[in-house]
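Comments concern the structure below.
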Amino acid sequence: MDEYFRQYGVIAIFASLAVAIPVGMFLISWLLSLVKVRPNNPSEVKSSIYECGFETIDTRWNTFNFRYYSIALLFVIFDVEVIFLFPWAANYGILTPKFGLYILAEMGVFIGILLLGWVYAWKKGSLEWS
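Take the sequence shown: its letter number 30 is residue 65 in my numbering, and every next letter is one higher.
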């Protein structure tokens, strides 16, 4: 039981450091601003919106086109599915003598469901830009 708590002691130390370091940085910055070591020079340039070196176009947030969101969401879904394929491909040679046909059939079903989802998104027009 003592070994169990010792293993999680490292995680507790890591979590406490993950909280203490940013809090300490904020406290040091705040204290330095009270002592006037850190300069406080607010200006219009510092509070303006930064757009990668270009002049700012507008002062408000612009609307976001939904087509970008749907394409990004489809990319994330299919990208995560490819992540599930990688361990199977990496271990297929090791597992082939014992479970070869079963694993191949299982991944065939998985890829089939993945292809059905892709065809469904294609037929619904989710991949069309116009």
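Glycine included, every Cβ here is placed at the ideal spot set by N, Cα and C.
Through-space distance from residue j to residue i, alpha-carbon basis
| i | j | result |
| --- | --- | --- |
| L181 | I112 | Because the chain is modelled from 36 through 165, residue 181 falls outside the range shown and cannot be assessed. |
| S68 | K81 | 17 Å |
| S105 | D114 | 14 Å |
| S83 | Y103 | 26 Å |
| A107 | A125 | 27 Å |
| E141 | E163 | 31 Å |
| G44 | A50 | 10 Å |
Whether residue i touches residue j by CB criterion (7 Å)
| i | j | result |
| --- | --- | --- |
| E116 | L151 | no |
| L120 | A156 | no |
Contact set for residue i: own chain, Cβ-Cβ below 6 Å, skip 5 residues either direction
| i | result |
| --- | --- |
| V70 | none |
Beta-carbon contacts of residue i that lie in its chain and below 8 Å, excluding the five residues immediately before and after
| i | result |
| --- | --- |
| W153 | F113 |
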